[in-house]
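Student: Here you go, one structure.
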Amino acid sequence: MRKIFILTGIALVLMSCGKTSRTTIGVRISGAEPGLEVAVVTSDSTYVTALDSVGSAVVVLAENVKPDYASLRIGRMGLKLFIEPGKSLEMALNLEDKQAGPVFTGAGAKKVEYLNANALHFPDFKVDEETFIQQLGEREARLLAYLDSMAFDAAFTAKEKKRLHYSVYSFLPLYPSYHRYYAQDNLYKPSENYYSALKAVLVEEPELIDMPEYIRTLQGGMNTYVAKDFASFGPNDYLKKQLAYVQENINDPALSEKLVHDIAIKDVAENGTAHWDIIQPVYEAKVV
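In this note's numbering, the protein residues as written are 581 to 868.
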């Protein structure tokens, strides 16, 4: 369950006393209104504070914070972070200079600059599926080559390679519907080669359960795969096939629990308890 920490000036002072190795995120913004909300969001916690009268704020993370991706949210702006326990990072921004972007200093600044300078652009869904799959592979190769050129430490590089892989291939499950739309080809049906490529992406990696790119790709790939013969589906067949896919293909308890829970939450949000008789047996078996 995500924990939310509301940080005040007094709390920050108290938390800093006696600490020799804190993990902090400092923010300095010129031209911002005092009181603007600043949040650091990790995989399991959200830390919330606000800019003071001179546009500064410091977020002190929990002692047991793990090295992982996070996000920094300042008002409507969002930036990617990589948290390194025991190290501090600072971000400065001048809102009055429209041409200037955020400047990062401190430990890990190079990683954070890298993460925020490499946006993943939308691929061309109009091309045929063979070309599309080839282009995804080429895109991943370019991103990995650039990552290697940065000479980051081995642990971060290994983790980032996984994130890049699933960031790129998160577009693969979208191809059938997006191709029909962008290519104006309503008769297009994915080939077996497409489904083989999709199946190859649906790999169990429970250590990545907190990585949004991985979960998005796994869920999207599963949903596209089970919709393979959607035209011949009867009532509720799609829901049944989603649940059956998890039961038959996902062995890790934590992953299967998350997938079943998310399927249930989505269906209940859309249909209330109308399909609970279908969901309940699987939910009780998979969700603790």
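From the three backbone atoms N, C-alpha and C, an ideal C-beta is built for every residue, glycine too.
Ends of the beta strand (DSSP E) at residue 830?
Tutor: That residue, residue 830, is in no beta strand (DSSP E); it is neither H nor E in DSSP.
Student: Tell me the rounded alpha-carbon separation between residue 670 and residue 629.
Tutor: Cα-Cα distance, rounded: 15 Å.
Student: Rounded to whole angstroms, what's the CA-CA distance from residue 813 to residue 673? Just pull it up for me.
Tutor: Near 53 Å, if we compare the C-alpha coordinates of residue 673 and residue 813.
Student: At which residues does the alpha helix (DSSP H) containing residue 795 begin and terminate?
Tutor: That run of the alpha helix (DSSP H) goes 792 to 806.
Student: Of all the options 837, 642, 729 and 650, which has the alpha carbon lying nearest to the alpha carbon of residue 666?
Tutor: Comparing Cα positions, the closest option is 642.
Student: Quick check on DSSP: helix, strand or coil for residue 626?
Tutor: Three-state result, residue 626: strand.
Student: Closest to residue 696 by CA distance: which of 682, 687, 837 and 707 is it?
Tutor: Cα-wise, what sits closest to residue 696 is 682.
Student: Between the segment 720 to 731 and the segment 742 to 749, can you find at least three pairs of beta-carbon atoms closer than 8 Å?
Tutor: Enough Cβ pairs lie closer than 8 Å, so yes.
Student: Tell me, please, which residues DSSP counts as bridged to residue 668.
Tutor: DSSP lists 604 as partners of residue 668.
Student: Quick check: the segment 763 to 781 against the segment 789 to 804, are at least 3 beta-carbon pairs closer than 8 Å?
Tutor: These segments touch.
Student: Could you tell me which of 631, 626 and 620 sits nearest to residue 611, measuring between CA atoms?
Tutor: Minimum Cα distance to residue 611 is reached at 631.
Student: Could you round the C-beta distance between residue 622 and residue 663 to whole angstroms and report it? I think they count as a contact, below 8 Å.
Tutor: Rounded, the Cβ-Cβ distance is 6 Å, consistent with contact.
Student: Are residue 821 and residue 806 touching if we call contact CB-CB under 7 Å?
Tutor: It is a contact, given that the beta carbons lie within the stated cut-off.
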